[in-house]
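Contents: one structure, followed by commentary.
Chains as they are written, first to last, in the UniProt record's numbering: chain L, 1 to 311; chain P, 1 to 311; chain C, 1 to 311.
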């Protein structure tokens with residue numbers, strides 16, 4: 001056997017590999033019936049050391065739609081961890097119960113650590129505020145499906161750009177794909193971290209920071225919304241004032257392009273008004289759906305089955 | 001595709017449809033091996049916003065015996081709801097992860113609401129004190145199996161007739177099937193709600209209300225027992241006194257017909273004495289078993305597979 | 001149909017049956033692909049009235065690798081038990097949802113009780129401090145794989161020999177296989193219970209009790225480690241002093257045989273130092289892996305499928 005591959009962060013894959021994954025996901029989306037047995041007899045261990053229904057169900061659905069089975073836990077309280085077992089031991093044991101591990105963990109770096117003890121592929125399903133690479137894949141496949149390309153776009157990120165790991169990961173990845181201009185729309189308290197800005201600017205990326213969506217909305221090909229969490233603010237008044245500024249509604253996209261797409265990693269609380277849902281530019285539920293297909297492609301790649309079967 | 005069907009309350013189906021479901025369930029019961037692949041490749045999302053092992057496992061078993069797979073959660077604490085997501089959003093997302101949704105929710109009307117956002121079938125697995133239509137289907141298939149018919153019976157309901165949603169739903173449905181006489185056996189505190197009585201009497205149904213089972217037991221073709229819950233009473237003494245009056249034991253069915261059947265939706269606590277279990281008239285465990293088969297029929301109907309496949 | 005078999009304690013099977021199970025497990029291990037459909041269409045109910053991820057996942061993996069499906073719960077809080085249902089009723093109901101029950105319960109004797117109400121096979125997945133027969137099977141298959149035999153060995157048990165149910169069960173079973181000499185290495189506070197010692201000595205077994213592993217390590221063919229739990233001690237100082245004495249490390253096995261195997265039921269906390277893991281004599285992760293294969297053999301035996309299919 002060749003060396004086992006893992007997905008801990010998007011940088012683990014080359015641009016070509018990412019592009020191929022996205023295209024494979026779209027191929028599966030076009031004809032899912034063709035792939036419904038490719039994981040027959042395979043087991044995915046789904047280890048959620050912290051709950052995340054959305055991510056868990058998306059992976060479960062992906063594996064089941066490929067004909068595989070799923071075991072695991074959705075909460076560390078019912079796991080051996082509660083008895084004081086080390087992560088290394090848990091991984092070594094589960095490694096022999098399954099063919100692939102998906103792992104979500106509250107601690108940064110835990111999935112990376114897991115790869116040292118696993119002889120089967122490990123997928124990072126989110127590690128604290130650090131990485132969530134399958135969210136990035138989900139974003140990419142949605143963009144590709146609706147825009148037909150991954151580069152040469154005017155892209156706006158709106159809301160909490162300081163703490164949102166999905167934003168950091170997606171900006172970095174879109175920059176790798178050659179996008180040269182990003183609109184960063186956030187309150188002063190929640191701007192993109194300086195270190196990331198430096199890194200992007202070194203790569204020749206132009207960052208346009210603004211406070212209000214209305215100032216730039218008509219420029220955008222894609223708008224990525226995020227949630228502003230109360231606990232990020234020092235005081236209640238700032239939160240209430242800013243929260244409303246960053247709620248997207250029909251009025252705020254009145255002047256936007258017709259082929260704009262609006263993404264959001266979900267779950268949403270109230271950062272996008274319900275009336276936007278029926279706007280043809282709203283793509284966040286389609287985005288969630290596409291997440292299943294790109295995860296199907298990823299599972300196939302790591303298990304080397306179906307479209308990724310070896311000659 | 002035709003319009004998607006849901007099951008939120010028994011009235012969603014015509015009498016003919018209910019009868020056909022019951023008969024299909026009996027057909028599957030007679031030859032389950034014939035149906036063990038009809039849901040191959042299908043996924044059921046089992047969304048239990050409040051725990052109910054019995055209902056969940058019955059549905060899981062039904063889907064698995066048809067060759068389908070199951071994903072979901074058994075407790076809202078591990079779901080995105082905990083992050084403040086609306087039910088509408090949860091349903092829209094899960095809609096793309098699965099082919100069929102089974103949903104239990106503490107709030108009345110939640111499954112009905114879900115049908116507004118789903119493009120796949122939704123089954124109400126119980127919504128608060130409101131509806132639990134697959135329990136009614138379970139009751140019907142059991143009656144049909146043991147009595148050979150769904151009409152023309154003398155039927156007694158015993159215990160808490162005020163709060164028991166399974167009782168309300170079953171009485172209404174049996175009245176639709178043309179049953180004209182019901183014996184209502186309960187303490188004064190727990191009689192059938194007046195509005196339901198009015199409704200039934202308008203349909204020409206005769207309701208005979210008594211306090212003691214012994215007064216009518218020899219008349220009955222079927223006896224439906226329910227649990228009397230302590231929290232329904234104002235004071236402990238009333239509860240203790242009445243509880244014992246409404247515990248079914250061998251002595252109380254001494255004079256009953258030989259072909260009486262005794263049903264109970266389960267779980268039971270102590271409202272039926274253990275010594276009744278071995279009486280040939282006790283049908284409540286068979287009832288629980290039949291629940292799997294009628295759910296198999298229901299899943300087939302809503303997914304239009306197997307016996308309900310379209311020409 | 002013949003009488004249904006259960007596994008509640010190792011004594012439920014004859015020596016020949018145990019040996020055959022172990023050998024069947026090894027056969028499946030050598031060629032798992034051959035068995036990956038033998039439980040197609042079968043359902044295992046996995047009823048964990050107390051959490052135990054390791055045991056649950058091992059059984060789930062075994063059933064899935066045979067092509068079967070799994071339903072159940074991993075925590076009694078989400079079960080009907082929380083509504084006051086008796087174990088008897090739960091078993092009678094689940095009996096109709098599945099083809100095989102695996103059950104873990106905090107109360108001794110609960111799985112035995114379950115066999116009175118089940119018409120399908122019941123496997124004890126651990127009942128309090130009492131029995132855990134599939135751990136014993138796991139130990140046996142590991143010994144057979146690495147030593148090629150189950151008898152005629154010098155075997156040491158180290159750590160908590162007083163409360164460790166896996167130790168009691170394994171010693172009794174290895175004595176049945178004709179092993180005549182055991183080294184018992186423990187602090188005075190945690191020696192093997194007198195009643196078990198008497199029983200073994202009556203069978204002609206020689207027990208050599210020592211306090212320090214170093215005194216006997218070079219004699220051993222197999223060393224079985226267990227965890228020393230803090231709550232077993234009257235005072236903190238005794239615990240701290242003894243804990244360190246019974247931590248296995250590289251230094252303590254310096255003089256041991258080259259073909260010694262070291263077992264541990266896992267999870268481990270710190271009773272085996274990490275540096276032992278890479279020693280070729282450490283077999284505890286292989287042991288955990290072998291547990292899946294012997295459980296596959298057991299499931300096949302109880303369901304009478306695959307290698308145990310009838311005529």
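Think of the CB as a built atom: it goes at the ideal place given N, C-alpha and C, for glycine as much as any other residue.
- request: Keeping to the same chain, check which residues put their C-beta closer than 7 angstroms to that of residue 131 of chain C; ignore five residues upstream and five downstream.
  value: By one-based count along the third chain, residue 131 of chain C stands at place 131. The beta carbon of residue 131 of chain C sits closer than 7 angstroms to those of 8, 9, 124, 165, 169, all from its chain and outside the five residues before and after it, given in chain order.
- request: For residue 206 of chain L, write down the residues that DSSP places opposite it in a beta bridge.
  value: As a position in the first chain, residue 206 of chain L is number 206, starting the count at 1. Residue pairing for residue 206 of chain L: DSSP places it in a beta bridge opposite L:181.
- prompt: Which residue's Cα is closest to the Cα of residue 302 of chain P: P:206, P:87, P:99?
  reply: On the second chain, position 302 is the one that residue 302 of chain P refers to. When the alpha-carbon of residue 302 of chain P is set against those of P:206, P:87, P:99, the nearest one is in P:99.
query: In the region 58-144 of chain L, which residue ranges form an unbroken alpha helix (DSSP H) of at least 4 residues, counting only runs that do not cross its ends?
result: As far as the region 58-144 of chain L is concerned, its whole alpha helix (DSSP H) runs of at least 4 residues are 87-95, 110-115.
- request: Measure the CB-CB distance between residue 92 of chain C and residue 49 of chain P and report whether it falls below 8 angstroms.
  value: Here residue 92 of chain C refers to the residue found at position 92 of the third chain. Here residue 49 of chain P refers to the residue found at position 49 of the second chain. No, the pair does not count as a contact, with Cβ atoms beyond the cut-off.
message: Within 8 angstroms of any Cβ in chain C, is that where the Cβ of residue 1 of chain L sits?
response: As a first step, residue 1 of chain L must be located in the first chain, where it is residue number 1. With a pLDDT of only 47 at residue 1 of chain L, under the threshold of 50, the placement of this residue in the model should not be trusted, and no figure is reported.
task: Starting from residue 36 of chain C, find everything on chain L with Cβ-Cβ shorter than 9 angstroms and list it in chain order.
output: Counting from one through the third chain, the residue named residue 36 of chain C turns up at place 36. What residue 36 of chain C touches in chain L: 40, 41.
message: Cβ closer than 7 angstroms: which chain L residues qualify as neighbours of residue 69 of chain P?
response: For the purposes of this step, residue 69 of chain P is taken as the residue at position 69 of the second chain. Ordered by position in chain L, the residues that pass the 7 angstroms Cβ test against residue 69 of chain P are 64.
query: Can you give the Cα-Cα distance for residue 133 of chain P and residue 172 of chain P, rounded to whole angstroms?
result: Your numbering for residue 133 of chain P matches position 133 in the second chain. Your numbering for residue 172 of chain P matches position 172 in the second chain. Just so you know, the alpha carbons of residue 133 of chain P and residue 172 of chain P end up roughly 12 angstroms apart.
- prompt: Touch check for the region 43-61 of chain C and the region 206-220 of chain C: three-plus C-beta pairs under 8 angstroms?
  reply: The region 43-61 of chain C vs the region 206-220 of chain C: no contact.
field: residue 39 of chain C in three-state terms, based on DSSP
entry: Within the third chain, residue 39 of chain C is the residue found at index 39, counting from 1. In this structure, residue 39 of chain C counts as coil in the three-state DSSP scheme.
task: Have a look at residue 227 of chain P and residue 298 of chain P and give me their C-alpha separation to the nearest angstrom.
output: Position 227 of the second chain holds residue 227 of chain P. Position 298 of the second chain holds residue 298 of chain P. If I take the Cα positions, the gap works out to 27 angstroms.
field: Coil, strand or helix - residue 159 of chain P by DSSP
entry: Start at 1 with the first residue of the second chain, and residue 159 of chain P comes out as number 159. Three-state result, residue 159 of chain P: coil.
message: Taking a contact to mean a Cβ-Cβ separation below 8 angstroms, would you say residue 175 of chain P touches residue 135 of chain P in this structure?
response: Start at 1 with the first residue of the second chain, and residue 175 of chain P comes out as number 175. Start at 1 with the first residue of the second chain, and residue 135 of chain P comes out as number 135. When the beta-carbon positions are compared, residue 175 of chain P and residue 135 of chain P stay at least 8 angstroms from each other.
field: Residues near residue 304 of chain L by beta carbon distance below 7 angstroms, same chain, minus five either side
entry: Your numbering for residue 304 of chain L matches position 304 in the first chain. Cβ neighbours of residue 304 of chain L beyond the five flanking positions: 310.
task: Please list the partners that residue 96 of chain L has in chain C, where partner means a Cβ-to-Cβ separation under 7 angstroms.
output: To locate residue 96 of chain L, count along the first chain from 1; it is residue 96. Per Cβ cutoff of 7 angstroms: 288, 289, 292.
Residue 234 of chain L classed as buried or exposed, judged by whether at least 16 other C-beta atoms fall within 10 angstroms: For the purposes of this step, residue 234 of chain L is taken as the residue at position 234 of the first chain. Exposed: under 16 other Cβ atoms inside 10 Å.
task: Using a cut-off of 8 angstroms between C-beta atoms, extract the partners of residue 84 of chain C located in chain P.
output: Along the third chain, one-based indexing puts residue 84 of chain C at 84. Within 8 angstroms Cβ-Cβ: 267, 269.
- request: Report the option in C:156, C:89, C:73, C:35 whose CA atom is closest to the CA atom of residue 277 of chain P.
  value: Taking the second chain and counting its residues from 1, one reaches residue 277 of chain P at position 277. Ranked by Cα distance from residue 277 of chain P, the first of C:156, C:89, C:73, C:35 is C:89.
message: I need the DSSP call for residue 153 of chain L, collapsed to helix, strand or coil.
response: Here residue 153 of chain L refers to the residue found at position 153 of the first chain. Of the three classes helix, strand and coil, the one that applies to residue 153 of chain L here is coil, per DSSP.
- prompt: Anyone know if the C-beta pair for residue 145 of chain L and residue 26 of chain L falls short of 8 angstroms?
  reply: One-based indexing of the first chain puts residue 145 of chain L at position 145. One-based indexing of the first chain puts residue 26 of chain L at position 26. For residue 145 of chain L and residue 26 of chain L, yes; Cβs fall inside 8 angstroms.
query: Is any beta-carbon of chain P found at less than 8 angstroms from that of residue 53 of chain L?
result: Translated into the one-based positions of the first chain, residue 53 of chain L becomes position 53. Taking Cβ atoms only, chain P reaches closer than 8 angstroms to residue 53 of chain L, which makes this a yes.
Own chain residues within Cβ distance below 7 angstroms of residue 107 of chain L, not counting five before or after: Working through the first chain from its first residue, we reach residue 107 of chain L at position 107. So the qualifying residues of the chain are 127, 128.
- prompt: Can we say the region 19-38 of chain C touches the region 68-77 of chain L, given the rule of at least three CB pairs closer than 8 angstroms?
  reply: No, they do not touch.
query: Taking the DSSP output, what are the residues bridged to residue 48 of chain C?
result: Along the third chain, one-based indexing puts residue 48 of chain C at 48. Assignment of beta-bridge partners to residue 48 of chain C by DSSP yields C:104.
- prompt: Once you ignore the five residues that flank residue 180 of chain P on each side, which residues in its own chain have a CB closer than 8 angstroms to its CB?
  reply: Here the question's residue 180 of chain P lines up with position 180 in the second chain. Same-chain partners within the cutoff: 204, 205, 206.
task: Might you give, ordered along the chain, the residues of its own chain that have their beta carbon closer than 8 angstroms to the beta carbon of residue 109 of chain C, omitting 5 neighbours on each side?
output: One-based indexing of the third chain puts residue 109 of chain C at position 109. Cβ within range, chain order: 127, 130.
field: Residue-level contact to chain L via CB, residue 48 of chain P, 8 angstroms cutoff
entry: Counting from 1 along the second chain, the entry for residue 48 of chain P is found at position 48. So no, residue 48 of chain P is outside the interface.
message: Could you give the first and the last residue of the continuous alpha helix (DSSP H) run that contains residue 174 of chain P?
response: As a first step, residue 174 of chain P is located in the second chain; it is residue number 174 there, counting from the start. Unbroken alpha helix (DSSP H) run through residue 174 of chain P: 165-176.
- request: Measure the beta-carbon distance from residue 59 of chain P to residue 293 of chain P and round it to whole angstroms, keeping in mind my assumption that it falls under 8 angstroms.
  value: In the second chain, residue 59 of chain P corresponds to position 59, counting from 1. In the second chain, residue 293 of chain P corresponds to position 293, counting from 1. That belief does not hold up - the Cβ atoms of residue 59 of chain P and residue 293 of chain P are roughly 12 angstroms apart, past 8 angstroms.
- prompt: Does the distance from the CB of residue 190 of chain P to the CB of residue 157 of chain P come in under 8 angstroms?
  reply: Taking the second chain and counting its residues from 1, one reaches residue 190 of chain P at position 190. Taking the second chain and counting its residues from 1, one reaches residue 157 of chain P at position 157. In this structure, the beta-carbon distance from residue 190 of chain P to residue 157 of chain P does not fall below 8 angstroms.
- request: Identify, in the order they occur along the chain, each residue of the same chain with its Cβ nearer than 7 angstroms to the Cβ of residue 196 of chain L, setting aside the five sequence neighbours on each side.
  value: As a working mapping, residue 196 of chain L is identified with position 196 in the first chain. Cβ within range, chain order: 168.
query: Within this structure, are the beta carbons of residue 142 of chain P and residue 287 of chain P separated by less than 8 angstroms?
result: Within the second chain, the letter at position 142 stands for residue 142 of chain P. Within the second chain, the letter at position 287 stands for residue 287 of chain P. Annotated as proximal: residue 142 of chain P and residue 287 of chain P, with beta-carbon spacing under 8 angstroms.
query: Leaving out the 5 sequence neighbours to the left and right, which residues in its chain are closer than 8 angstroms to residue 216 of chain C when beta-carbon positions are compared?
result: Within the third chain, numbered from 1, the residue matching residue 216 of chain C stands at position 216. Within the same chain, residue 216 of chain C has close Cβ partners 156, 183, 185, 208, 210.
query: Any idea if residue 151 of chain P is buried or exposed, counting beta-carbon neighbours within 10 angstroms, 16 or more meaning buried?
result: On the second chain, residue 151 of chain P is found 151 positions in, with the first residue counted as 1. Classification for residue 151 of chain P: exposed.
field: Bounding residues of the beta strand (DSSP E) (the contiguous stretch that carries residue 224 of chain L)
entry: Mapped onto the first chain, residue 224 of chain L falls at position 224. Element bounds for residue 224 of chain L: 222-225.
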